[in-house]
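Sequence lines, in order, name chains F and D. So for the first sequence, the UniProt record's numbering puts the first residue at 1; every next one is plus one. So for the second sequence, the UniProt record's numbering puts the first residue at 1; every next one is plus one. Glycine residues also receive a C-beta, built at the ideal position from the N, C-alpha and C atoms. Heads up, the thing below is written out as structure tokens.
2 protein chains.
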Amino acid sequence: MCGIVGYIGSKQAQGILLEGLSKLEYRGYDSAGLAVYNGETIGVNKSKGRLTNLQDKLKVRSLPGQLGIGHTRWATHGKPSDENSHPHVDHAGRFAIVHNGIIENYIELKEELIAKGYQFTSETDTEVVAKLLSELWNGDLVSTVQKTVARLEGAYALGIVSEYEPDKLVAVRYASPLVVGIGKGENFIASDIPAILKHTRDVYILEDGEMAILKADEVTLMKVDGSLVDRESLRVNWDIATAEKGGYDHFMLKEIHEQPKAIRDTLAGRIKDGLVDLSQEVSLSGDEIRGIEKIHFVACGTAYHAGLVGKYVLEDLARIPVECDVASEYRYRNPIITERTLVVVVSQSGETADTLAALREAKKHGARVIAITNVVGSSVAREADDVIITWAGPEIAVASTKAYTSQLIAIYLLGTYFAQACGHKAEAELREIVSHLQNLAEKAEEVLKGEPAVEQFARSIAKHQNLFFLGRGLDFAVALEGSLKLKEISYIHSEAYAAGELKHGTLALIEEDIPVISLATQQAVYDKMVSNIQEVKARGANVLGLAVEGDTELNKSVDEVIHIPATIDLLSPVLAVIPLQLLAYYACVERGYDVDKPRNLAKSVTVE
Amino acid sequence: MCGIVGYIGSKQAQGILLEGLSKLEYRGYDSAGLAVYNGETIGVNKSKGRLTNLQDKLKVRSLPGQLGIGHTRWATHGKPSDENSHPHVDHAGRFAIVHNGIIENYIELKEELIAKGYQFTSETDTEVVAKLLSELWNGDLVSTVQKTVARLEGAYALGIVSEYEPDKLVAVRYASPLVVGIGKGENFIASDIPAILKHTRDVYILEDGEMAILKADEVTLMKVDGSLVDRESLRVNWDIATAEKGGYDHFMLKEIHEQPKAIRDTLAGRIKDGLVDLSQEVSLSGDEIRGIEKIHFVACGTAYHAGLVGKYVLEDLARIPVECDVASEYRYRNPIITERTLVVVVSQSGETADTLAALREAKKHGARVIAITNVVGSSVAREADDVIITWAGPEIAVASTKAYTSQLIAIYLLGTYFAQACGHKAEAELREIVSHLQNLAEKAEEVLKGEPAVEQFARSIAKHQNLFFLGRGLDFAVALEGSLKLKEISYIHSEAYAAGELKHGTLALIEEDIPVISLATQQAVYDKMVSNIQEVKARGANVLGLAVEGDTELNKSVDEVIHIPATIDLLSPVLAVIPLQLLAYYACVERGYDVDKPRNLAKSVTVE
């Protein structure tokens, strides 16, 4: 996830582009850069880190000119660095481009271009597009862009300028968002509306396979095959704050709704021929995987809850013993680590202090470390032996949602990949799991349609100060995460219990009308779970059951039921957690607290 | 722990003895029995199980006579069975005895008597005393008893009758309680006052090394060396209900105070020459111990919290990887168990349904199973390969206290025993640990003296509906147990957190005046803990700190401090939990709930 902007008109582009980028920083803040045509050549200035770093550089060397593009980066291919920052240019500096998305066939293209003598200065997938433009240049910018994108696989929103035709800004979109802003004597492109809203409220939303040719006083839309597109512009009535949130009231709600995409993106390119291929990310050989004696999942907070799912998944699929530990405990308890221990650290930001310290502790004892993180080039990603990136994109809300589900996907991929090497499960069964994995995003969309029912239940629980979550097996792991969400933002004291443990003490707290959210998605322990639900019902609890589509039994034991689509037990956490995230969200809204910035908490905990 | 009674007078003994035993059932209910002299011989009737079983048997064959003794058993040596029930008699039936306590040198005595031709019909330690009386009989009952007890090591309260001198009932005490009740034309002995309170309120409390010779109208007290003891009788002003609780308001408080004794009893006989000897209990050879690949602690509720301590202890001392799991989860999650897995199940009652099922699951997969339980002959004890009994005596209050601390002691013994075999720790260090173990009971007595301060803090938190416990490492394990106690009986929603995890979500719940009980007894993570305390203080929490004697720092960061005596980090849970038990107790009293029988809960959870 990155943000791109572009300007063509009669004003100085630099300030407009910078201001636009500042509205897109929620899309990434690993680096930023501008390319501006100064009447003769294209000047480029870019910098690793936040936008302010670029601003400082521009104070020293500004970029005059009235045509330009800009980029704020969420690192995907290649660590955050000056070299890997956008814009990228071809060898002669004739073309400059900014890109949001992933070019999946970039390795193939890069090899082809290298063979032709091209030299690359960055590790990005994007640079190949700049070089390709140069290679395919035929004297006409629009047709050269068309020929170029015909060679690309993957997702892209591109902004392109060229010295050859400095009266134009060309934009193309496939599977990454792009809008065109229509001004008076000036026009704009951007990844998202807030970046241009100060200048115009009239926009075109590009669709997949469409391109826009912007001149100062004219915008032409066409398909990449050259056929013209006739579309009315839209008038934006939102304010900027709403627009940044994509029309949602809060980032958390937006991010909850981004989960189907996060699931798809995290799976993308990692399934080949119906099986998992992590060979690009995980450098362990089959023998090395089979030689792993034990796995330690180490993480904090929500990522720890993902690790709990990891324990089930890895033990079940690969039959390797797994221990899951809170990083702040792990690092101080002198854990038993050998060279045949694999430590999997999980951290959205990749900067969580305790997790990073645990990683270092593990490496010190000779363990192999795999990081699951959302941030390319983060400390955890840099220091681990291998990294599996979760392609959730920047997560702004403090309460993590899409990062968690993406971590689960990464864990399923890892578990299946190891299972393929270990051979405890028949290949047919693994293919079955992979096929269910591929259906998860669509099913997550299905779950999101149930939002109104969850909202209603959230209203009914919002007055309570205490409530409980119950589950068995994987449902317990999800219950812990659901409970944490509710605590974090609604300040309701909720607590999750392994349902069979309740009678060993905590059942004393169950009294008339207390809400108990009971997960019953695991078919293997379904009957036991129903018994536990009846125990709390008998004490007067107000029970919300979470069941699988087609379950007509649970509603006999509970007060309300919410259904999620059927999948295999192993994968149900991805779907089961979504109603719980929505429950926390709407309970918080009902109670009137700040959803995205809960009291006392920070997004990325870089202190111990 | 057992209960004994005795009667001499002009009434029929049977009914009086039975009624006395019914008041002592809290001391054990594995079996019961009577021996009554009928004018010619001593008749014995006894039965496994509750007192009602004996009553049924007596309806078929009653025991007429005016001199008799009775016993209700809490099995120690030998499973609960008819044969192992008291009273025990010598081979000719001339002597009958009842015994509360443990004869530590009974194996040696038994071998000596077997060599002389004596045959034994039970597995008990007690039977040797009956045979020894016969062997040492010199024509005078009192001097024969004196010669007999001179041979005994251990603890005993004995009631003795003999056909040779049927005008007497002889009682002796060493380290087990015994009272003499003074009637009119009748006299009584009993383990505890409630058993005789219906008949008299005038009693002598025997002291260690004293004996009483009861005739129908006379009681003589002397030391076992024959010197007379001149003591005034006491007048009991309690009611019976209070008396059963030993003067305490509730069984829970009584059991909290019994912990120093439970610690001593659980250690007794298991330390030899400054090291741990569990060879009587644990049949694993040194090679077998060294061959253990991993240990699974499996338990429910409070016993699970003991298992969490077990993880730290075994990993630290023996460097064997340990996983601790809730039994209701373990049994259903297809855990990875091999023949080199040792499963340690922990259960006070030995009848916990999920724990028993987990034990069976583990055995099915070829694991070796050690049970830590408080009940000899319980299902868990019978089905495990080896059993380490916690000598806490019967626990009546639903909220477990002395069983937990005894489980910890058993775990320390196991960990040290394994460490001796594994050789990762220097013997000197292990001896140091053992020496600290031996000081724990005395230090626990010291902790109990701090009761008034805890009571005061309990009053201040009783009005709250929510609070938190924090700790790191072993303090976290103890925090979980302290929190469970508070939930169980005071119905305050308390929750324990690994202190480093708080900022990953739950910190949002910390607001002005919310009580936070913070354990800071672990020197290795003390500074980190103080930082976490300051985080909650900064949000306005009312913090009770638990610190080690001599800590003059913590009071600068918290509102109140309670100190426990210094010991090594590893052992501090035994001391740290006591103030938390008292806190729960007094919070419950302050809130006016039923301490011993909390709502919704049962003592021994024999359903899933």
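Open item on the list: Contact between the segment 52 to 67 of chain F and the segment 101 to 110 of chain F is defined here as three or more beta-carbon pairs at a separation below 8 angstroms; is this criterion met?
Closed with: No contact exists between the segment 52 to 67 of chain F and the segment 101 to 110 of chain F.
- [ ] Could you pull the start and end residues of the beta strand (DSSP E) that residue 227 of chain F belongs to?
- [x] Here residue 227 of chain F belongs to no beta strand (DSSP E), and DSSP marks it neither H nor E.
Task: Anticipated Cβ contact below 8 angstroms, residue 256 of chain F with residue 440 of chain F, distance rounded - done: 15 angstroms between Cβ atoms; not a contact.
Task: Min CB distance residue 504 of chain D to chain F below 9 angstroms - done: Interface residue, yes.
Open item on the list: I'd like to know if residue 219 of chain D contacts chain A, where contact means its C-beta is closer than 9 angstroms to some C-beta of that chain.
Closed with: In summary, chain A is missing from the structure at hand, where the protein chains are F and D.
Task: Nearest neighbour of residue 198 of chain D, chosen from D:22, D:65 and D:49 [CA to CA] - done: Nearest of D:22, D:65 and D:49 to residue 198 of chain D, Cα basis: D:22.
Task: residue 479 of chain F and residue 517 of chain F closer than 9 angstroms at C-beta - done: Result yes, Cβ atoms of residue 479 of chain F and residue 517 of chain F sit closer than 9 angstroms.
TODO: Report yes or no: is there a C-beta of chain F within less than 9 angstroms of the C-beta of residue 317 of chain D?
DONE: Interface criterion not met: the Cβ of residue 317 of chain D is under 9 angstroms from no Cβ in chain F.
Open item on the list: Let me see if you follow: with CB-CB separation under 9 angstroms, is residue 422 of chain D close to chain F or not?
Closed with: Among the CB atoms of chain F, none fall inside 9 angstroms of the CB of residue 422 of chain D.
Task: Residue-level contact to chain D via CB, residue 302 of chain F, 9 angstroms cutoff - done: It does: the Cβ of residue 302 of chain F has a partner Cβ on chain D nearer than 9 angstroms.
TODO: For residue 166 of chain F, go through chain D and note every residue whose CB falls closer than 7 angstroms to its CB, in chain order.
DONE: Correct list: empty, because the minimum Cβ distance to chain D is about 52 angstroms.
Task: Chain-order list of residues whose beta-carbon lies under 8 angstroms from that of residue 175 of chain F (same chain, five-residue window excluded) - done: Close CB contacts of residue 175 of chain F within its chain, under the 8 angstroms cut and outside five residues either way in sequence, are with 101, 154, 155, 156 and 208 (chain order).
TODO: Assign residue 39 of chain F to one of two classes, buried (16 or more other C-beta atoms within 10 Å of its C-beta) or exposed (fewer than that).
DONE: Residue 39 of chain F should be labelled exposed.
Task: Backbone CA spacing between residue 46 of chain F and residue 126 of chain F [nearest angstrom] - done: The straight-line gap from Cα to Cα measures roughly 15 angstroms.
Task: C-alpha gap between residue 493 of chain F and residue 545 of chain F, whole angstroms - done: In a straight line, the C-alpha of residue 493 of chain F is about 19 angstroms away from that of residue 545 of chain F.
- [ ] Between the Cα of residue 558 of chain F and those of F:529, F:575 and F:579, spot the shortest distance and give me the residue it belongs to.
- [x] Put simply, of F:529, F:575 and F:579 the residue whose alpha carbon is nearest the alpha carbon of residue 558 of chain F is F:529.
Task: residue 6 of chain D vs residue 37 of chain D beta-carbon contact at 9 angstroms - done: Not a contact, by the Cβ cut-off of 9 angstroms.
Open item on the list: According to DSSP, is residue 360 of chain F part of a helix, a strand, or is it coil?
Closed with: DSSP, reduced to helix, strand and coil, places residue 360 of chain F within a helical segment of the structure shown.
- [ ] Entirely within the segment 145 to 210 of chain F and at least 3 residues each: give me those beta strand (DSSP E) ranges in chain order.
- [x] If we require 3 residues or more, the beta strand (DSSP E) runs fully inside the segment 145 to 210 of chain F come out as 154 to 162, 169 to 174, 179 to 182, 187 to 190 and 202 to 205.
Open item on the list: My assumption, with CB atoms under 8 angstroms, is that residue 341 of chain D sits in contact with residue 367 of chain D. Please give the rounded CB distance.
Closed with: Yes, they are in contact, since the Cβ atoms of residue 341 of chain D and residue 367 of chain D sit about 4 angstroms apart, within 8 angstroms.
Task: Under 9 angstroms between C-beta atoms of residue 16 of chain D and residue 69 of chain D - done: No, the Cβ-Cβ distance between residue 16 of chain D and residue 69 of chain D is not below 9 angstroms.
TODO: Could you tell me which uninterrupted alpha helix (DSSP H) segments, each at least 4 residues in length, are contained entirely in the UniProt domain "SIS" (457 to 598) of chain F, listed from first to last along the chain?
DONE: Unbroken alpha helix (DSSP H) stretches of 4 residues or longer found wholly inside the UniProt domain "SIS" (457 to 598) of chain F: 474 to 490, 526 to 538 and 572 to 591, given in chain order.
- [ ] List in chain order: all unbroken beta strand (DSSP E) runs of 3+ residues lying wholly within the UniProt domain "SIS" (285 to 424) of chain D.
- [x] Runs of the beta strand (DSSP E) lying entirely within the UniProt domain "SIS" (285 to 424) of chain D, each at least 3 residues long, are 294 to 299, 322 to 326, 341 to 347, 368 to 373 and 386 to 389 in chain order.
Task: Neighbour list for residue 510 of chain D in chain F, Cβ cutoff strictly below 7 angstroms - done: Residues of chain F passing the Cβ test: 600.
Open item on the list: Run through the DSSP bridge pairs and tell me what residue 611 of chain D is partnered with.
Closed with: Given that chain D is displayed from residue 1 to residue 608, the structure contains no residue 611 of chain D and the question cannot be resolved.
- [ ] Tell whether a beta-carbon distance below 9 angstroms holds between residue 330 of chain F and residue 296 of chain F.
- [x] Yes, the pair counts as a contact, with Cβ atoms nearer than the cut-off.
Open item on the list: So if DSSP puts residue 96 of chain F in a beta bridge, which residue, or which two residues, is it bridged to?
Closed with: Beta-bridge pairing links residue 96 of chain F to F:89 and F:161.
TODO: Just confirm the distance between the C-beta atoms of residue 90 of chain F and residue 130 of chain F, as a whole number of angstroms; I'd bet it's less than 8 angstroms.
DONE: Contact between residue 90 of chain F and residue 130 of chain F holds, with the beta-carbon distance rounding to 5 angstroms and staying under 8 angstroms.
TODO: Can you give me the start and stop residues for the alpha helix (DSSP H) that residue 135 of chain F sits inside?
DONE: Residue 135 of chain F -> alpha helix (DSSP H) spans 127 to 136.
- [ ] Would you decide whether residue 301 of chain D is buried or exposed? Buried here means 16 or more other CB atoms lie within 10 Å of its CB.
- [x] By the 16-neighbour rule on beta-carbons within 10 angstroms, residue 301 of chain D is buried.
TODO: For residue 532 of chain F, count neighbouring Cβ atoms within 10 angstroms of its own Cβ and tell me buried if that reaches 16, exposed if not.
DONE: With a 10 Å radius around the Cβ and a threshold of 16 neighbouring Cβ atoms, residue 532 of chain F comes out buried.
Task: Three-pair Cβ contact test at 8 angstroms for the segment 423 to 442 of chain F versus the segment 376 to 393 of chain F - done: For the pair of segments examined, the segment 423 to 442 of chain F was found not to touch the segment 376 to 393 of chain F: the number of CB pairs separated by less than 8 angstroms stays below three.
Open item on the list: Tell me which residues share the same chain as residue 276 of chain D and place their Cβ nearer than 7 angstroms to its Cβ, disregarding the 5 neighbours each side in the sequence.
Closed with: Sequence-distant Cβ neighbours of residue 276 of chain D in its own chain, meaning closer than 7 angstroms and more than five residues away, are 270, 413, 416, 417, 420 and 434.
Task: Nearest neighbour of residue 562 of chain D, chosen from D:587, D:450, D:536 and D:458 [CA to CA] - done: When C-alpha distances from residue 562 of chain D are compared across D:587, D:450, D:536 and D:458, the shortest belongs to D:450.
- [ ] Note the first and the last residue of the continuous alpha helix (DSSP H) segment covering residue 614 of chain F.
- [x] This structure cannot settle anything about residue 614 of chain F, because the visible part of chain F is limited to 1 through 608.
Open item on the list: Using the three-state DSSP reduction, which class does residue 444 of chain F fall into: helix, strand or coil?
Closed with: When secondary structure is reduced to three states using DSSP, residue 444 of chain F falls in the helix class.
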